[in-house]
Amino acid sequence: MELLDLTIADERWKGQRKELTRARELLCDAMFGGNTYGSDLASLDRYFFHFAMAARVGR
Numbered sequence: 013m014e015l016l017d018l019t020i021a022d023e024r025w026k027g028q029r030k031e032l033t034r035a036r037e038l039l040c041d042a043m044f045g046g047n048t049y050g051s052d053l054a055s056l057d058r059y060f061f062h063f064a065m066a067a068r069v070g071r
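Numbering (my numbering), first residue to last: 13 to 71.
Listed below in structure tokens is the structure:
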């Protein structure tokens, strides 16, 4: 959470703050049982895996 909060606070990510804060919100929801959005850590892992693969291919 601290790394995500520091990233959100960093001015270099100014244009992506909406996505970052949404990711933080979903991560918090998953960590506390998924009561608000029905999210869980496994579904977040599947979601972000595709971004990780795309970033790796782009190297």
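Beta carbons: idealized from backbone N, C-alpha and C, even for Gly.
Give me the Cα-Cα distance between residue i and residue j, rounded to the nearest whole angstrom.
i: A42; j: D57; result: 11 Å
i: C40; j: H62; result: 21 Å
i: G72; j: T48; result: The shown model of the chain, from 13 to 71, leaves out residue 72, and the question about it has no answer.
i: G67; j: Y59; result: It is Ala, not Gly, that sits at residue 67 in the sequence shown. Distance between the alpha carbons of A67 and Y59 is about 14 Å.
Along the alpha helix (DSSP H) that carries residue i, what are the first and last residues, could you check?
i: Y59; result: L53 to V69
i: T19; result: E14 to A21
i: R29; result: R29 to M43
Contact check, residue i vs residue j under 8 Å by CB: the rounded distance?
i: R34; j: I20; result: Going by Cβ atoms, the distance from R34 to I20 rounds to 11 Å, so no, they are not a contact pair.
i: W25; j: L16; result: So it is not a contact: roughly 11 Å between Cβ atoms.
I'd like the list of long-range same chain contacts for residue i, defined as Cβ closer than 8 Å, with 5 residues on each side in sequence excluded.
i: F44; result: none
i: R36; result: M13, L16, D17 and I20
Under 7 Å Cβ to Cβ from residue i, same chain only, skipping five residues before and after it: list those, please.
i: D52; result: A42 and G46
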